[in-house]
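Chains as they are written, first to last, in the UniProt record's numbering: chain A, 1 to 446; chain B, 1 to 279; chain C, 1 to 296.
What follows is the structure, encoded as structure tokens:
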């Protein structure tokens, strides 16, 4: 008796839940739910109070500065309340993706180089309607606006200008008796420098990290030999360029001028806490220019920034300008207030002074001028570098490789196979080309 | 003779302690990093700092705007205490049922229960989040607390194994004395499974204390942040991090678990209480 | 009647779990099964693609093959070592001796650091080229490799980390040892049994339910190990996929490459693999696990 009943009950509950679940899993960014919740929260006091949520990642200093700007904005705009949802970088994107999947993302979202991914999936608000009226970007370098413009629509505003670049330990150059690199240096200069540094500073010291696994370095190299990583659905390089690229690094590795494969893996340059540039054991690495703050804090050596070397086709700096963006969730209920706040963050002089260069060099020239007066030595290194890049970068309209994350992983895997002698350059490159073409085909199919 | 034994005992203790200290090397490194000046944390090789500073501790504790690190400790403690109570209660009930009572479909249910821990959590995370979002529980402690009250397969299985180590004659004699199932569970089986319950309590405490991903996904308001989330506030792996504060607060964050463990472990000492299993 | 009362009691005690299973676990589990038949990038609605994900898994994903190999290597090596190490130290720390609580706590501390943000930095201190471990080896005149960074050895540093955090397994063994009636040992001592004989005839048989538990759970958990590999390889599973444990690859697919449909399909394959192993353990358990309650 009871047994049958239990089973019947179980089946009933199961059916009910399947119904509820298929609803939940179908995962239309649940507009209705989001809307009812948003209005329920946002418009109390006869619809006057507006509540916004803003998410960003960073460390304590950035949290402090961003919160101060939010407080300032709330003071100047009574009836608006902005709640910060901030954390470190670990898990930031996982949480954001989960929130978007549930239709529960914050109104304001800080994004980095992956902004295109979110634009492609229609997760971000088109800010174009507010430009000129509420949101002012005319003071910005054209490249900055372009970086967040897709299909002629603006999806984000740069909070801090940066650039993928080479960071060097100037103290090591000095110890080796070498002048620090300037913007005219070539790949031959680069090779000569790293070999000399490794020789002069002795065992355990290297001229450079192995940049063969770094997509930005590869992109720049391809540019310098007149090719391109990607444009309009196709790759614009061939097997030969890849063989040249990996052979160059292989020679340097065999000469002991760059870090051996195991050191590269154990102390990757991407992690500030592990980078050997900080320790004064490696002279050059690839980085985002604004990262120099984090690196410089941890060492007493002098760090500097320089452009990628030049090749026969000139400088291949790619992408010339990058940075962190403030964007808005497509499902926000208060697009105008969002635009107003974004404008405040980048154009208000008071806010600009508070934020400083916590996310890179501020995009608006008038705020840069104010800040330049009170800059620290590290600020100055970054500022000088960014203006150098802005002046010398070739006028190329940079396109990001689609499925960028997968491509980066593939390049890293190929590089490791060669570096650890697990596979010859020739066959590794063959595999790399096949897999790259598969990725391109997959990107087209989506 | 006595001297001989003392020497042997000395060597024994030296060995156990020495090996233990070796295993603790990373912990000493952590302690030392938490009092080193920032520029030395990653650049100096030895454990010994050139000068000792406690500013990382004060930065970590007081350095965040509008909130102190103590708040995160409080939140974590609340979460952990609730989790421990919920887990021990619900898991022991289910375990008692599986181990001592016969009913139809028991094996199926047990298999289903184990099945729930065989599917990687990463793929159920999103559907679960959507579910909790629909009932308005996101950014509250509920999605983190409620699951603790329904029994955890790991602990149910653990307690089942222990209950099955208790001779069944005990049940029979209790039945003859007129005990109901509840009395049997509460008065006889639970006290005899104490080591397993303490184990479950310690593990739940530590598991909840350390859980970063779940807490990150469900909690957004800084006032509800827990210790693992608080630690990450100093850590921007893509840019600049306040490493000193990370290490200093990491040191502090170990302390509660350590205390709980030290208090709990004495229940594992053989021979403290008679086991009462003369059955 | 009495029978139904017993059934009712059984279900009643099981009720909290049952409610939780239905309301908290079942729908996400079924949703993930559904998602495994879709292309789902998290940011837009899932699209039904039938068995495509499963087809790709078996025919066109060389990394999955690498990943499964690494995972089996990890499971087969770390589980026995971890259990043996934990059991040995539990026996050692179950003696009546001075400072016992202190020693146990010291040996448990590594497990406390498990989820700590600092663990990757710490582990590097031990297994780096100039780390603690190689310094020890150099005393013996051996020039050790870079354990975390060499594709041949990286998996061993991962196994090392797993063994190093043996504390939780040890605790369960300690609790199990505590449950063994002292009288048995006393009687055996009166009979003049040696320590070894006591271990073989009393400790080991009476500990089998706990050994069985630890074996099953460690196996299930090892197949799903994620955090350790994520932390040690910085999330990459490198060098050359040598630490690309199954769960890490699944995470990369789902959250980094935003292919949650494929990740869900992978999860169900893993479920089948784990269930097969667990099933075999349960089937064999009747031959070697001894329960005092007299039923098997």
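A virtual CB, placed ideally from N, CA and C, is assigned to each residue, including glycine. Just so you know, these numbers come straight off a predicted model, no measurement behind them.
- Under the three-state reduction of DSSP output, residue 153 of chain A falls in the strand class.
- The C-beta of residue 406 of chain A has 16 or more other C-beta atoms within 10 Å across all chains shown, which makes the residue buried.
- The straight-line gap separating the alpha-carbon atoms of residue 247 of chain A and residue 165 of chain A is approximately 22 Å.
- If you check each beta-carbon in the region 37-54 of chain C against every beta-carbon of chain A, the ones closer than 7 Å belong to 41, 42, 43, 44, 45 and 46.
- In the structure shown, residue 76 of chain B falls within a helical segment according to DSSP collapsed to helix, strand and coil.
- In the DSSP secondary-structure assignment, residue 55 of chain A is bridged to A:85 and A:109.
- Your pair residue 46 of chain C and residue 261 of chain C checks out as a contact, with CB atoms roughly 6 Å apart and the cut at 8 Å.
- Remark: fewer than three beta-carbon pairs, one from each stretch, lie closer than 8 Å, so the region 78-87 of chain A and the region 347-367 of chain A are not flagged as touching.
- Under the DSSP assignment, residue 43 of chain C falls outside any beta strand (DSSP E); it carries neither an H nor an E label.
- Each of B:217, B:209 and B:118 was checked against the Cα of residue 272 of chain C, and the nearest Cα belongs to B:118.
- Short of 7 Å from the beta carbon of residue 256 of chain A, and not among the five residues preceding or following it, lie these beta carbons of its own chain, in chain order: 198.
- Of all residues in the region 189-219 of chain B, the ones placed with a Cβ closer than 8 Å to any Cβ belonging to chain A are 212, 213, 216 and 217, in chain order.
- Here the C-alpha atom of residue 154 of chain A lies approximately 19 Å from the C-alpha atom of residue 106 of chain A.
- Excluding residues up to 5 positions away in sequence, 343 and 347 lie with their Cβ nearer than 8 Å to the Cβ of residue 136 of chain A in the same chain.
- The C-beta distance from residue 52 of chain A to residue 337 of chain A rounds to 6 Å, short enough to fall under 8 Å.
- Any Cβ of chain A closer than 9 Å to the Cβ of residue 238 of chain C would place that residue at the interface, and such an atom is present.
- Assignment of residue 48 of chain C by DSSP, reduced to helix, strand and coil, places it in the strand class.
- Contact note: residue 409 of chain A does not reach chain B at a C-beta cutoff of 7 Å; the least C-beta distance is about 17 Å.
- Every unbroken stretch of the beta strand (DSSP E) spanning 3 or more residues and falling wholly within the region 316-350 of chain A is given here in chain order: 322-328.
- It is roughly 7 Å from the alpha-carbon of residue 112 of chain C to the alpha-carbon of residue 257 of chain B.
- Between residue 179 of chain B and residue 172 of chain B, the alpha-carbon positions lie close to 10 Å from each other.
- The beta carbon of residue 276 of chain A does not come within 9 Å of any beta carbon belonging to chain C, so the residue lies off that interface.
- Residue 300 of chain A carries a coil assignment under DSSP once its states are collapsed to helix, strand and coil.
- By the criterion of a C-beta distance shorter than 6 Å, residue 57 of chain B is surrounded in its chain by 248, once the five residues flanking it on both sides are discounted.
- For residue 230 of chain A, the pairing in a beta bridge is given by DSSP as A:235.
- Going by DSSP, residue 215 of chain B is part of the alpha helix (DSSP H) stretching over 213-218.
- Taken in chain order, no unbroken stretch of beta strand (DSSP E) lies wholly in the region 80-148 of chain C with a span of 3 residues or more.
- Minimum Cα-Cα distance from residue 199 of chain B among the listed residues C:176, C:250 and C:184 corresponds to C:176.
- Going by beta carbons, residue 259 of chain A and residue 209 of chain A fall inside the 9 Å limit.
- Rounded to the nearest angstrom, the gap between the Cα atoms of residue 144 of chain C and residue 74 of chain B is 45 Å.
- Residue 208 of chain A sits in a strand when the DSSP states are folded into three classes.
- Just so you know, the alpha carbons of residue 161 of chain C and residue 217 of chain C end up roughly 18 Å apart.
- Per DSSP, reduced to three states, the secondary structure at residue 165 of chain C is coil, with no helix or strand assignment.
- Uninterrupted alpha helix (DSSP H) stretches at least 4 residues long and entirely within the region 110-186 of chain B occur at 121-134, 142-145, 153-163 and 169-176, given in chain order.
- Residue state for residue 385 of chain A is assigned as helix, using DSSP reduced to three classes.
- Cβ-Cβ distances below 7 Å link residue 383 of chain A to 361, 372 and 375 in the same chain, with the five nearest sequence neighbours on each side left out; the list follows chain order.
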